[in-house]
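Heads up: the sequence shown runs through residues 208 to 484, numbered per the numbering used here. Cβ coordinates follow ideal geometry from the N, Cα and C atoms, glycine included. Contents: one structure, followed by commentary.
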Amino acid sequence: MSIRHLREDIACVFERDPAARNTFEVLTTYPGLHAVMHYRLAHWLWLKGFKWLARWLSTISRWFTGIEIHPGATIGRRFFIDHGMGVVIGETAEIGDDCTLYHGVTLGGTTWNKGKRHPTLKNGVVVGAGAKVLGPIEVGDNARIGSNAVVTKEVPEGATVVGIPGRIVRKASTAEDEQRRRMAEKIGFDAYGIADEMPDPIARSIHNLMDHMNAVDRKIDTMCKALHALGDTTCSEALPQLEAETFLSLNEGARATAAEPDDNDGAEPPCQPCGKS
Numbered sequence: 208m209s210i211r212h213l214r215e216d217i218a219c220v221f222e223r224d225p226a227a228r229n230t231f232e233v234l235t236t237y238p239g240l241h242a243v244m245h246y247r248l249a250h251w252l253w254l255k256g257f258k259w260l261a262r263w264l265s266t267i268s269r270w271f272t273g274i275e276i277h278p279g280a281t282i283g284r285r286f287f288i289d290h291g292m293g294v295v296i297g298e299t300a301e302i303g304d305d306c307t308l309y310h311g312v313t314l315g316g317t318t319w320n321k322g323k324r325h326p327t328l329k330n331g332v333v334v335g336a337g338a339k340v341l342g343p344i345e346v347g348d349n350a351r352i353g354s355n356a357v358v359t360k361e362v363p364e365g366a367t368v369v370g371i372p373g374r375i376v377r378k379a380s381t382a383e384d385e386q387r388r389r390m391a392e393k394i395g396f397d398a399y400g401i402a403d404e405m406p407d408p409i410a411r412s413i414h415n416l417m418d419h420m421n422a423v424d425r426k427i428d429t430m431c432k433a434l435h436a437l438g439d440t441t442c443s444e445a446l447p448q449l450e451a452e453t454f455l456s457l458n459e460g461a462r463a464t465a466a467e468p469d470d471n472d473g474a475e476p477p478c479q480p481c482g483k484s
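Structure follows, in structure tokens:
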């Protein structure tokens, strides 16, 4: 485990958990981070042929963290386990970059035969509390699996799956959704936390605002290019940076809606409906 990977793992905690206050607290009190640190060492031992020692270390980690990660699993960068208790990741599981698991998640197998028997999560996947993803299936990039869902079939890229058995309630994002996502990242919160299916006037208002902001951005870009061609350089000045603390409540509400609606930590954001002027 390199220092760079450790820094990335710590940074992703601050990005995805508003409760994180400082690096010392994260390093000393976050079992999800401890489990990932232990896994990276155990995985290195596993690859070097020290199989028993790797399994022993993963067992010790399970005693201390309540999280079981087989050292043979393959896990990418910036992997975050929130809360963590009861998470089980099997030997042939593969997890991409920027994935998030909540407590009680199982990435399990459905056969006793050797070979690939655990799921593959592509980049950016979020799996909600208590969900079970079973068998050698693939979950596409940026897919969401709702709390307590049981998934045994392939999940396409960008889809949202809920229920037992898991069913798709939101398909891959359209070009309009992708524009909203980029705008949400720009201003500091995750618009994907509010699904289009929700009969919520606040959600509709936010989507309308995102579309309006995209249109304004395009017009401003066009005007800046025209001014630049005339020799004006004022548009090259950077815009003021938005403070992440401003959007903490939105981040918290979005995470609870998207991944674990039953978690007490994920209260809905205290915002008011936006009206048109």
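In the DSSP assignment, what residue or residues form a beta bridge with residue i?
i: residue 345; result: 327
i: residue 429; result: DSSP, once it has assigned bridges, lists no residue as partnering residue 429.
i: residue 376; result: Partner(s): none; residue 376 has no beta bridge.
i: residue 308; result: 288 and 334
i: residue 358; result: 340
i: residue 232; result: Looking at the DSSP assignment, residue 232 forms no beta bridge with any residue, so it has no partner.
i: residue 295; result: 275 and 313
i: residue 281; result: 301
What first and last residue would you give for the beta strand (DSSP E) that runs through residue i?
i: residue 313; result: 313–315
i: residue 369; result: 367–369
Hey, out of the options, whose CA is closest to residue i's CA?
i: residue 320; options: 350, 276, 305 and 298; result: 298
i: residue 372; options: 366, 356, 364 and 363; result: 356
i: residue 247; options: 351, 283 and 324; result: 283
i: residue 364; options: 333, 233 and 439; result: 333
i: residue 234; options: 331, 222 and 214; result: 214
i: residue 301; options: 318, 222, 294 and 343; result: 343
i: residue 223; options: 307, 345, 430 and 422; result: 307
i: residue 249; options: 238, 295, 232 and 267; result: 267
i: residue 354; options: 370, 374 and 287; result: 370
i: residue 318; options: 341, 329 and 431; result: 341
i: residue 346; options: 316, 352 and 362; result: 362
Suppose you measure from the CA of residue i to the CA of residue j; what does that come to, to the nearest Å?
i: residue 265; j: residue 277; result: 7 angstroms
i: residue 242; j: residue 258; result: 18 angstroms
i: residue 360; j: residue 443; result: 49 angstroms
i: residue 289; j: residue 226; result: 11 angstroms
i: residue 304; j: residue 327; result: 12 angstroms
i: residue 240; j: residue 270; result: 15 angstroms
i: residue 426; j: residue 437; result: 17 angstroms
i: residue 350; j: residue 291; result: 20 angstroms
i: residue 280; j: residue 253; result: 10 angstroms
i: residue 441; j: residue 418; result: 26 angstroms
i: residue 209; j: residue 245; result: 12 angstroms
i: residue 463; j: residue 229; result: Since pLDDT at residue 463 reaches only 48, below the 50 mark, its modelled position is unreliable, and the value read off the structure follows with that caveat. Spanning the two alpha carbons is a distance of roughly 22 angstroms.
i: residue 324; j: residue 217; result: 30 angstroms
i: residue 429; j: residue 416; result: 20 angstroms
i: residue 461; j: residue 421; result: Because the pLDDT of residue 461 is 47, which lies under 50, any placement of that residue in the model is unreliable, and the number read from its coordinates should be weighed accordingly. Looking at the two C-alpha atoms, the distance is approximately 21 angstroms.
i: residue 331; j: residue 285; result: 10 angstroms
i: residue 322; j: residue 295; result: 18 angstroms
Name the two residues that bound the continuous alpha helix (DSSP H) containing residue i.
i: residue 259; result: 258–272
i: residue 251; result: 238–254
i: residue 220; result: 210–223
Using a threshold of 7 angstroms, is the CB atom of residue i nearer than that to any non-hydrogen atom of the ligand MN?
i: residue 347; result: In the structure on display, the ligand MN does not appear, and there are no ligands present to speak of.
If we count Cβ pairs, one from each stretch, closer than 8 angstroms, do we get three or more for the region 325–344 versus the region 305–312?
-> The way I'd put it, the region 325–344 does touch the region 305–312; three or more beta-carbon pairs between them come closer than 8 angstroms.
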